[in-house]
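Input: a single structure, listed below in structure tokens.
Residue numbers (this note's numbering): 906 to 1481.
Have a look at this one:
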């Protein structure tokens, strides 16, 4: 895991070197005061050299002024280093997310992903600079104190060193506990984030059903689980810190007694005794820092492990070696013996489907719920890969085309429109980034959206709110159609694009969709048969594949699956 993290320092070796140099300087500066104290007590004060004492004081003031400067540089540039590494980690995981299959997002909740991108990476940013700094400063203080204590009195030094194995043994017992506790903390926090994301996104559903108390109770359960998890981890931290501090203080007590006895006997001078006691504090402080660094490392390792879980997830839908860039696509689409299922062990959604749609042709796809209408069309831009058979565009297997060029050739207008939280202009221009204002307005006009856009408070610059919440369903749909005019794909998929609209909106949108589909290969997925009764070719898709095709009147007269679907809808209208 450490090998995977170290490359993130490479772009910032200068910052890292500055950070570690300052840490080294701080560690050395902290060794000066005990030695100065020994000289003052043993030499300067007994000699009555007040001028020497003043000079010594001024030198120490200068030293600590330099130390303050080093501390500022360490505090500022160390955090800059951590922020830069956090930036790169977040960049890499975000970019990787956009390479993953649609199936990954089907199986992974948004709150879980957000927790790993935000919370886990914040911990890593802190540890990325604090840990090297602490190791350098602790190492300098530890080795420096060790050398000086041995020089002052090796017997007293050995008494102090006897405490170290006990600290190391005590600390090692907490390694696994910290790893489990921090991992659980992050997992339970991810559950809380997941619930917040769901409840905020679905706040209208919550209120429509009056389930605020239920959602509060669900959140309270998750929050209580995180609290108990966090309490468990802080208990381990408390016991750990208390034990380490107690052993360090025990060493100080031993030195106080043994050193005092040695000073009384004259084995060491009073100044050496005082300096030794100060060095003991310097000696145990870095040991405490080092063993606490283990706690930091375990927390960082838990976060980085969750980061790697996503980064190490490999996409299965990738460009094949030598993939061909699609250009000047006509729009001939053919399915040959296509079978598909969403996962191992699940039933097939599509079974040996054969279908050919000529360039510029419009076909409507109907069938019972669960027959795979949306799935069939999702296979064209390779949102999923087929299990058997082949799908070709202009005679080329879609798996042999580059994904970017394939998806650029396919446009999708869905019933559930997703708008970004920017302006109307931004959402239309998303169809072709960099489009001019004139092109955006032309696309809006083609989608029958310009009139309502001009009635908005700021026109094209009006903010639509999260997921377009400030607009009606018909307005959102027209914006999605406008951005499709800008994209201008040769293959178009209309997935229940008008099924949830009122009659007036549906008429306006159907007119714009007719304009949009003109000259393009168009797949219309429809639930309401009345919306496609004038289609030149209607395909009836069931679990057995395409079982019927033809015009509306011919299919009704044939008395098959289509006729049963039609009669059921007519009956439901009569009942209502």
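Here a beta-carbon is modelled for each residue, glycine too, at the ideal position from N, C-alpha and C.
Each residue's CA atom was taken as its position, placing residue 1131 and residue 1123 some 13 Å apart. Assignment of alpha helix (DSSP H) within the segment 1297-1373, counting only whole runs of 4 or more residues, yields 1308-1313, 1329-1334, 1342-1351, 1355-1360 in chain order.
The segment 1292-1310 makes contact with the segment 1225-1243: 3 or more CB pairs, one atom from each, lie closer than 8 Å.
Within 10 angstroms of the beta-carbon of residue 1400 lie 16 or more other beta-carbons, which makes it buried. In its chain, beyond the 5 residues on either side, 1127, 1128, 1131 have a beta carbon closer than 7 Å to the beta carbon of residue 1097.
Closest in alpha carbon position to residue 1025, among 1049, 1421, 1010, 1090, is 1090.
Boundaries of the beta strand (DSSP E) harbouring residue 1267: 1267-1271, taken from the DSSP string. The straight-line gap separating the alpha-carbon atoms of residue 1320 and residue 1271 is approximately 15 Å.
It is roughly 28 Å from the alpha-carbon of residue 961 to the alpha-carbon of residue 1059. A buried status is given to residue 1388, since no fewer than 16 other beta-carbon atoms sit within 10 Å of its beta-carbon. Taken in chain order, the segment 1012-1056 contains no complete beta strand (DSSP E) segment of 3 residues or longer. Annotation: the continuous alpha helix (DSSP H) that includes residue 1279 extends over 1278-1283. Taking all protein chains shown into account, residue 1177 has 16 or more neighbouring C-beta atoms within 10 Å of its C-beta and is therefore buried.
Beyond the five residues adjoining it in sequence on each side, residue 913 comes within less than 6 Å, by CB distance, of 990, 993 in the same chain, given in chain order. Comparing alpha carbon positions, the residue from 1050, 1363, 1333 closest to residue 1351 is 1333. Counted as a single uninterrupted DSSP element, the alpha helix (DSSP H) harbouring residue 1385 occupies residues 1378-1392. Assignment of beta-bridge partners to residue 1400 by DSSP yields 1319, 1430. Annotation for residue 1326: 1371 place their beta carbon closer than 6 Å to its own, counting only its chain and skipping 5 residues before and after.
Between the segment 1203-1213 and the segment 1263-1282 there are fewer than three inter-stretch CB-CB distances shorter than 8 Å, so the stretches are not counted as touching.
Remark: C-beta atoms of residue 1182 and residue 1157 approach each other more closely than 9 Å. In the three-state reduction of the DSSP assignment, residue 942 falls in the helix class.
When secondary structure is reduced to three states using DSSP, residue 1260 falls in the strand class. Cβ-Cβ separation between residue 1046 and residue 1190: approximately 7 Å, consistent with a contact (criterion under 8 Å).
Per DSSP, residue 976 is one residue of the alpha helix (DSSP H) stretching across 955-1002.
When DSSP reads this structure, residue 1240 sits in a beta bridge with 1260, 1296. Assignment of residue 1448 by DSSP, reduced to helix, strand and coil, places it in the coil class. Residue 1258 sits close to residue 1451, with the two beta carbons spaced by under 9 Å. Within the same chain, and ignoring the five residues on either side of residue 909 in sequence, the residues whose Cβ sits closer than 8 Å to its Cβ are 1209, 1213. Beta bridge pairing from DSSP links residue 1455 with 1443. Contact between the segment 1030-1042 and the segment 911-931 is established, with three or more Cβ pairs separated by less than 8 Å.
Under the three-state reduction of DSSP output, residue 1157 falls in the helix class. Judged by DSSP in its simplified three-state form, residue 1136 adopts helix.
Counting C-beta pairs closer than 8 Å gives three or more between the segment 1215-1230 and the segment 1000-1013, which meets the contact rule. DSSP places residue 1255 within a strand segment (E or B) once states are collapsed to three.
The residues 975, 978, 979, in chain order, have a CB closer than 6 Å to that of residue 927 in the same chain once the five nearest residues on each side in sequence are set aside.
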